[in-house]
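Colleague: The numbering of the sequence shown is numbering that gives the first Met the number 0, which starts it at 0 and goes up by one.
By construction, the Cβ of each residue, glycine as well, lies at the ideal position given by its N, Cα and C atoms.
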Amino acid sequence: MKLIIANRAYSSWSLRGWLAAKQSLLPFETELRVMDSPDWLSGAAKADMPSGMVPVLWDHGEAVWDSLAIVLYLADKAGHDRFWPREVPARALAYAMCAEMHAGFGPLRRACPMNLKQHFPQFQPSSEVMADVRRVETMWEQARGRFGAETGEPWLFGRFGAADIYYAPVCTRIDTYHLPVGDVARAYVEQVLAHPWMVEWREAASAENHEFTRYDIPGGVPRR
Ligand SMILES: N[C@@H](CCC(=O)N[C@@H](CS)C(=O)NCC(=O)O)C(=O)O
0 MKLIIANRAY SSWSLRGWLA AKQSLLPFET ELRVMDSPDW LSGAAKADMP SGMVPVLWDH
60 GEAVWDSLAI VLYLADKAGH DRFWPREVPA RALAYAMCAE MHAGFGPLRR ACPMNLKQHF
120 PQFQPSSEVM ADVRRVETMW EQARGRFGAE TGEPWLFGRF GAADIYYAPV CTRIDTYHLP
180 VGDVARAYVE QVLAHPWMVE WREAASAENH EFTRYDIPGG VPRR
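Put into structure tokens, the structure is as follows:
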């Protein structure tokens, strides 16, 4: 399989696709397309990206585009238990949480683009951003409280899975923009950021040095 991604420091949907590919445990190679490079802007870099967006998974000559389709496809291939909790009530909540993340949280996503190169100690979140953060916290507390905590594992539904993958970029945003969260969310963010695949992705992100200014906002402090 080949997974097409964009700049690791900034492409939150690429991160989701890549974590899904890792979670499948199936062999895959990763191909980087540099956002806003001349090839990206001319469209040449997007020739094998059906929607013009990353991530795209190519497998046996078929393209699977969009992070959610990639999760569903890999769950079919690798086994649903690798991505979704087994019990019906937990699975229902995990599906709904991923769908809500995939379709929503515009204020948070627009005001706090994923940025693994910098952090923003003075960032002042708007009330709309904080409403999104509170909604995320409510869902995390629900998942942890009903299904995750009792397993003794740190993930939303016990075992690492699709919901953790979907909210991993939100964890980086809470960290990057110093967004205020409660104890449950803080502990969960720390677990996600310390996950070996997140460490691997962040190290690769900090080694990338592509000029990319589209998500620039004032007040950024370099990470290293
Ligand atoms: N719904 C899509 C969203 C994908 C998306 O927005 N990807 C961004 C990069 S993170 C992209 O490729 N944007 C096209 C562009 O910047 O030209 C998914 O879940 O994969």
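Let me know the secondary structure DSSP gives A32 once reduced to three states.
Modeller: Checking the sequence shown, residue 32 turns out to be Arg, not Ala. Correct three-state label for R32: strand.
Colleague: Determine the DSSP secondary structure at H118, reduced to helix, strand or coil.
Modeller: Reduced to three states, the DSSP call for H118 is strand.
Colleague: Nearer than 8 Å: is that true of the beta carbon of R15 relative to any heavy atom of ligand 1?
Modeller: At least one heavy atom of ligand 1 is nearer than 8 Å to the Cβ of R15, so yes.
Colleague: Threshold first: 4 residues or longer. Then list the alpha helix (DSSP H) segments lying entirely within the region 16 to 95, N to C.
Modeller: 37 to 41, 66 to 77
Colleague: Can you grab the Cα-Cα spacing for the pair N6 / L31, in whole Å?
Modeller: 7 Å
Colleague: Does the beta carbon of A206 fall short of 8 Å from some heavy atom of ligand 1?
Modeller: no
Colleague: Of the choices Y94, G147, P124, whose alpha-carbon is the least far from that of R172?
Modeller: Per the Cα distances, P124.
Colleague: Can you grab the Cα-Cα spacing for the pair H79 / P49, in whole Å?
Modeller: Those two C-alpha atoms are separated by around 26 Å.
Colleague: Where do the N-terminal and C-terminal ends of the beta strand (DSSP E) with A5 fall, by residue?
Modeller: Going by DSSP, A5 is part of the beta strand (DSSP E) stretching over 1 to 5.
Colleague: I think A74 touches R81, with their Cβ atoms under 8 Å apart; what is that distance to the nearest whole Å?
Modeller: 7 Å
Colleague: Verify the contact flag: M34, CB atom, against every heavy atom of ligand 1, threshold strictly below 8 Å.
Modeller: yes
Colleague: May I ask you to report which of helix, strand or coil DSSP gives V132?
Modeller: helix
Colleague: Between the beta-carbon of A184 and the beta-carbon of P153, is there less than 9 Å?
Modeller: no
Colleague: Considering only their Cβ atoms, is the gap separating F156 from Q93 smaller than 9 Å?
Modeller: For the sequence presented, residue 93 should be read as Ala rather than Gln. In contact: A93 and F156 (Cβ atoms closer than 9 Å).
Colleague: Using C-beta distances below 8 Å, list every residue in its chain close to D47, excluding the 5 sequence neighbours before and after it, in chain order.
Modeller: I3, V55, W57, A62
Colleague: Are the Cβ atoms of M34 and R213 separated by less than 9 Å?
Modeller: yes
Colleague: So the candidates are A8, C97, G218, S10; which of them puts its Cα closest to the Cα of P120?
Modeller: G218
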